[in-house]
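These notes are about the structure you will find just below.
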Amino acid sequence: MADLDRKLIEILDILSKSKEPVGAKIIAKELNKRGYKIGERAVRYHLKLLDSMKLTKKVGYAGRVITEKGLEELEKANILYRLGSIYSNILEKMISANYRFGYVVVNRFHVYADFNDVLNIIKSVYESGLSVGNRVGIMDREKYAEITTLCSLNFDNILLQNGIFPLHECGGIVKYEDGKPVEFKEVIKYVSTSVDPLSVFIETKKTDVMGIIENGEGYLPANFRVFGVEFLERFKSILEKDELKCVISYGTDNVLGLDVGDDKVGVALIGGLTPIAPFVENDYYVEINPMSSIVRLESLHKFNKIPREIVNKKSNVRIKTVISKMFNAMAKVSYDVDEKDGDVIVNTSYIDKKYIDEALDLLKEGYKKGLGISDRLGIVEEKNKVKIQTICAVTLDGIFLRYSIPVIPRYGGILEIVEDKKRFIDIIGYDGSSLDPHEVFFNRVDCETTFLAGFREVHRVARDKLEVILNKLKWNGIDTIGDPNNELYGINVNKDMCGIVTIGGINPLVLLKENEIPMTLKAMDEVVRYSQLISYKDL
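Okay, here's the thing in structure tokens:
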């Protein structure tokens with residue numbers, strides 16, 4: 006489906022937030038609040054369009070409701086609109102809540118497991134102090150347990166009610182040792198992603214909450230905020246009366262390895278999604294709905310919670326963004342397009358030797374489909390494991406740079422291809438994440454209709470030279486080069502730049518994942534000689 010007009014997306018968003026059918030009058034009023042000057046008549050026209058696409062459904066004279074297809078489309082449509090939606094939703098919920106009067110922001114989850122098992126795990130998280138507040142909702146729905154937890158935005162709401170405006174920087178994971186936070190290990194900036202950062206870290210099993218509970222060592226989902234240093238004393242007085250007990254560290258220079266900036270205070274908070282992480286860590290099927298709604302605090306049960314000590318700890322570690330890692334990796338590329346040899350950057354994956362025959366067949370199939378950057382890969386036997394090496398797209402950036410063509414990586418994400426129509430449906434900025442976006446999205450693509458892809462830009466004056474290099478190279482890595490100052494697959498290209506869409510270097514490994522071959526994966530991991538790799542035809 007082609008990307009929808011923004012007004013249509015806004016209408017779907019309005020309908021998605023209502024439990025009842027909504028009429029044109031209410032929709033027009035809400036659209037006006039959102040900056041769209043549109044009347045009831047025009048709204049009715051747009052609703053008919055949405056009806057024709059089966060994204061909405063008329064319910065008598067009561068109004069419209071969004072359909073399942075509409076909800077699915079809302080999750081994919083207009084990637085640039087959704088790029089800011091996470092941050093916008095954070096601000097909306099923070100302002101709309103009122104902790105002082107008992108109206109709180111909650112996350113909701115469905116855990117498909119025995120109810121008693123769910124109850125025991127949830128209790129262990131709260132009793133270990135790894136939650137936002139001590140309130141939780143938990144219901145036995147027979148097929149699943151429904152869990153409601155307080156979001157860390159409630160602490161931001163308390164700050165706001167006391168005249169402190171916290172700027173939401175990023176979500177990440179914090180390493181714990183001896184039961185105390187040590188440093189942030191990975192982060193994703195809210196303004197650089199179309200997906201919720203903490204959901205991503207939990208779903209990709211980057212957390213280890215049970216490890217913290219059982220032996221004091223593990224990885225905790227956490228958020229990071231900053232505010233003006235003049236508010237520090239007021240903040241400290243708030244902490245003395247704080248009921249949520251979700252602050253793990255704060256400081257004015259460096260907080261758990263994150264630079265705070267000049268004249269600011271940085272605060273690290275326990276993520277409200279933390280209680281659900283142990284279920285994902287133990288392979289339970291979980292549906293996660295962060296920042297889902299605002300409810301009465303009194304509707305949630307009280308659990309026993311033993312607060313943990315706030316640690317004012319700096320760290321010598323500085324988290325590197327993916328873009329920093331990419332530029333350093335480019336410097337290691339020495340491939341010569343005339344000699345057809347040189348050093349290249351590869352992604353690595355390890356599988357058990359017993360899967361090797363099946364894996365080779367799948368890889369051969371994938372490379373035949375053109376899923377690889379080139380036709381070569383590495384197969385290295387190491388004890389009971391086999392290491393698979395696939396060329397990383399950053400190799401292309403390094404090759405272009407060797408020929409004085411600066412290509413700027415901007416996003417990694419999911420490219421959807423349906424009936425030859427292509428669009429990005431999720432992206433993360435390389436300059437806003439420490440974790441490679443393709444590692445984040447690896448489990449969300451199938452290489453049938455969804456693929457890992459990158460988005461880059463090159464100045465229009467370098468396009469001809471770049472195309473000469475590509476013709477000599479004869480690799481598959483570039484999907485398309487767009488025209489200057491035009492949108493490409495849903496992403497706006499900057500002035501005088503050409504957009505470039507690259508295929509993800511780990512796409513061939515998706516076929517192994519889809520066929521349930523267990524593996525570990527590391528993007529942009531090693532430097533190897535191209536001549537040491539083999540053609541898929543020789544597998």
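Basically my numbering = 1-based index in the sequence shown + 5. The beta-carbon is built from N, C-alpha and C at its ideal position, and this holds for glycine as well. Predicted, not measured: the structure shown is a model, and the values here were computed from it.
- Distance from the Cα of Ser199 is smallest, within the candidate group Lys542, Glu531, Pro442, Gly504, for Pro442.
- Excluding five sequence positions before and after Val291, the CB atoms of its chain that fall closer than 8 Å to its own CB belong to Phe114, His115, Val116, Tyr117, Ile281, Phe284, Val285, given in chain order.
- When C-beta atoms of the region 10-30 are compared with those of the region 71-91, three or more pairs fall below 8 Å, so the two segments count as touching.
- Distance from the CA of Phe405 to the CA of Val445, rounded to the nearest whole angstrom, comes to 26 Å.
- When DSSP states are grouped into helix, strand and coil, Asn125 belongs to the helix group.
- Residue burial annotation: Gly44 is exposed, with fewer than 16 other C-beta atoms found within 10 angstroms of its C-beta.
- At the C-beta level, Gly482 and Thr507 come within 8 Å of one another.
- In the DSSP assignment, Tyr86 falls within the unbroken alpha helix (DSSP H) covering 84-88.
- DSSP, read as helix, strand or coil, puts Pro280 in helix.
- In the displayed model, Asn220 falls within a helix according to three-state DSSP.
- Rounded to whole angstroms, the gap between the alpha carbons of Leu401 and Asp425 is 25 Å.
- The alpha-carbon of Leu475 is positioned some 54 Å away from that of Gly68.
- In this chain, the alpha helix (DSSP H) harbouring Lys369 covers 361-373.
- Non-local beta-carbon contacts of Leu203 in its own chain, meaning distances under 6 Å to residues more than five positions away in sequence, involve Gly176, Pro226, Gly276, Leu278 in chain order.
- Excluding sequence positions up to five before and after Lys250, its CB lies within less than 6 Å of the CB of Pro312, all in the same chain and listed in chain order.
- At a Cβ-Cβ threshold of 8 Å, Gly383 and Val342 do not count as neighbours.
- According to the DSSP secondary-structure assignment, Pro186 is paired through a beta bridge with Tyr181.
- The distance from the Cβ of Gly262 to that of Val322 is about 4 Å, consistent with a contact at the 8 Å cut-off.
- Assignment of Met58 by DSSP, reduced to helix, strand and coil, places it in the coil class.
- One alpha carbon belongs to Ile410, the other to Leu420, and they sit about 25 Å apart.
- Residues Lys392 of the same chain have their beta carbon placed closer than 6 Å to that of Val385, with the five preceding and five following residues left out of the count.
- Take the alpha-carbon of Asn162 and the one of Phe106: they are about 11 Å apart.
- For the options Val399, Ser439, Gly417, the alpha carbon positioned closest to that of Ile433 is the one of Gly417.
- A direct Cα-Cα distance of roughly 5 Å separates Gly487 from Gly504.
- Closest in alpha carbon position to Asn167, among Leu244, Glu151, Asp431, is Leu244.
- In the DSSP assignment, Ala33 falls within the alpha helix (DSSP H) that extends over 29-38.
- Contact check between the region 228-240 and the region 134-148: fewer than three CB pairs, one atom from each, fall below 8 Å, which does not count as touching.
- Within the region 269-350, the complete beta strand (DSSP E) segments of 3 residues or longer fall at 269-275, 290-301, listed in chain order.
- Runs of alpha helix (DSSP H) with 4 or more residues, each lying fully within the region 95-166, are found at 120-132, 158-166, listed in chain order.
- According to DSSP, residue pairing for Ile413 in a beta bridge involves Glu462.
- Minimum Cα-Cα distance from Ser320 among the listed residues Val260, Met524, Leu376, Val412 corresponds to Val260.
- With contacts defined by Cβ atoms closer than 8 Å, Ile169 and Phe240 form a contacting pair.
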